[in-house]
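Under my numbering, the first residue of the sequence shown is numbered 89, with each subsequent residue one higher.
For glycine and all other residues, C-beta sits at the position ideal for the given N, C-alpha and C.
What follows is one structure encoded as structure tokens, with my remarks underneath.
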Amino acid sequence: MFKGKNKAVTFSFDDGIMQDCRLIEIFDKYDLKATFNINSGLVGFSGNLERQGKTVPFNRVQAADIANIYKNHEVAVHTLTHPKLTELEDDEIIYQVENDRKKLSSLCGYEVVGMAYPCGGVNNNDRVAEIIRNNTGVKYARTITSSNSFDLQKNLYRFNPTILHLEMDKMFSMAEEFIQSEFNEPKIYYIWGHSFEFDIENTWDRFEDFCKLISKREDIFYGTNSEVLLTTH
Numbered sequence: 089m090f091k092g093k094n095k096a097v098t099f100s101f102d103d104g105i106m107q108d109c110r111l112i113e114i115f116d117k118y119d120l121k122a123t124f125n126i127n128s129g130l131v132g133f134s135g136n137l138e139r140q141g142k143t144v145p146f147n148r149v150q151a152a153d154i155a156n157i158y159k160n161h162e163v164a165v166h167t168l169t170h171p172k173l174t175e176l177e178d179d180e181i182i183y184q185v186e187n188d189r190k191k192l193s194s195l196c197g198y199e200v201v202g203m204a205y206p207c208g209g210v211n212n213n214d215r216v217a218e219i220i221r222n223n224t225g226v227k228y229a230r231t232i233t234s235s236n237s238f239d240l241q242k243n244l245y246r247f248n249p250t251i252l253h254l255e256m257d258k259m260f261s262m263a264e265e266f267i268q269s270e271f272n273e274p275k276i277y278y279i280w281g282h283s284f285e286f287d288i289e290n291t292w293d294r295f296e297d298f299c300k301l302i303s304k305r306e307d308i309f310y311g312t313n314s315e316v317l318l319t320t321h
């Protein structure tokens, strides 16, 4: 259970970009908790992304600002430079993960233990998961594969989130199901994405509506990924 509750909600957002600041304002407004996965080898880089025919800013946070920006939430590993880990040798996987973890721990002032796999497509497998489990200080690692389920999972090193926030309609309908259900065992609603994606179709207000809907429920525990995932294991 999650501090005596059978329901938990948690969020996870990747890359450590400036749109996270606006997102955090929303989370803090509704007393929600999230984990932000950062590439410490890319902090401070600025640029743009082309998505769906639109150009959106993609400016990474500065290293010196990380502790303050994410102070109410959790910072986690996203590797140093965002490579596809399945294509790397064992030693390089360890280097990318553990050095990112150590740098982020130093910047944040606490031991970073979480992770989200970088890159799209098949970005993780059993080999990579076991290397991370056996050779780093990471205690859980999130994939990009939606489970469409609230069920707990045994393998925290290939943990599948419930849903990507871009599936807005489904995200809302699953929220209604989660809110209305009375569970006899622990369940998790885990939402992930990238904050720049809200700029593509200007879905900030709708996501805030979602946060308002899911928040401040007496029977739900709201925590970071570590607070939720490591509680039940």
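Report task. Leaving aside the five residues before and after Gln268 along the sequence, list all residues of the same chain whose C-beta is less than 8 Å from its C-beta, in chain order. Result -> none
Requested in this report: Give me whichever residues DSSP pairs with Ala96 in a beta bridge.
Outcome: Ile276 and Phe309
Query raised in the report: With distances taken from CA atoms, which of Leu130, Leu111, Asn127 and Arg221 is nearest Lys121?
Result: Leu111
**Report entry** Between the CA atoms of Asp179 and Lys304 - distance to the nearest angstrom
**Finding:** 44 Å
Query raised in the report: Is there contact here, the stretch 164-174 with the stretch 183-194, by at least three beta-carbon pairs under 8 Å?
Result: yes
Requested in this report: Give me the Cα-Cα distance between Met225 and Met262, rounded to the nearest whole angstrom.
Outcome: One point to set straight first is that residue 225 is Gly, not Met, in the sequence displayed. One C-alpha to the other measures close to 33 Å.
Query - Distance, Phe115 Cα to Trp292 Cα - result: 12 Å
Requested in this report: Provide the residue span of the beta strand (DSSP E) that contains Phe124, from first to last.
Outcome: Ala122 to Ile126
Query raised in the report: For Thr250, does the three-state DSSP call read helix, strand or coil?
Result: coil
**Report entry** Among Asn94, Ile302, Gly281 and Lys242, the one whose alpha carbon lies nearest that of Tyr205
**Finding:** Gly281
**Report entry** Range of the contiguous beta strand (DSSP E) that encloses Arg139
**Finding:** Asn136 to Arg139
Requested in this report: Consult DSSP for Thr174 and reduce its assignment to one of helix, strand or coil.
Outcome: helix
Requested in this report: Can you give me the start and stop residues for the beta strand (DSSP E) that Lys142 sits inside?
Outcome: Lys142 to Pro145
**Report entry** Per-residue DSSP class, three states only, for Ile219
**Finding:** helix
Query raised in the report: Going by beta carbon distance, what residues of the same chain come within less than 6 Å of Asp287, once the five residues before and after it are set aside?
Result: Val144
Report task. With DSSP as the reference, please indicate the residues paired to Met259 in a beta bridge. Result -> DSSP output for Met259 lists no bridge partner at all.
Query raised in the report: How many angstroms separate the CA atom of Glu270 from the CA atom of Tyr278?
Result: 17 Å
Query raised in the report: Thinking C-alpha only, which one of Arg294, Glu289, Thr231 and Asp257 is nearest Ser100?
Result: Thr231
Report task. Leaving out five residues on either side along the sequence, give the residues of the same chain with a beta carbon under 8 Å from the beta carbon of Asp108. Result -> Phe101, Phe124, Val149, Ile157, Tyr158 and Ser283
Query - Supposed close pair Val201, Thr174 - CB separation, criterion 8 Å - result: Actually they are not in contact, since the Cβ atoms of Val201 and Thr174 sit about 22 Å apart, beyond 8 Å.
**Report entry** Extent of the continuous beta strand (DSSP E) to which Ala164 belongs
**Finding:** Glu162 to Val165
Query raised in the report: Under three-state DSSP, which class holds Ala152?
Result: helix
**Report entry** Boundaries (first-last residue) of the alpha helix (DSSP H) holding Cys109
**Finding:** Gln107 to Lys117
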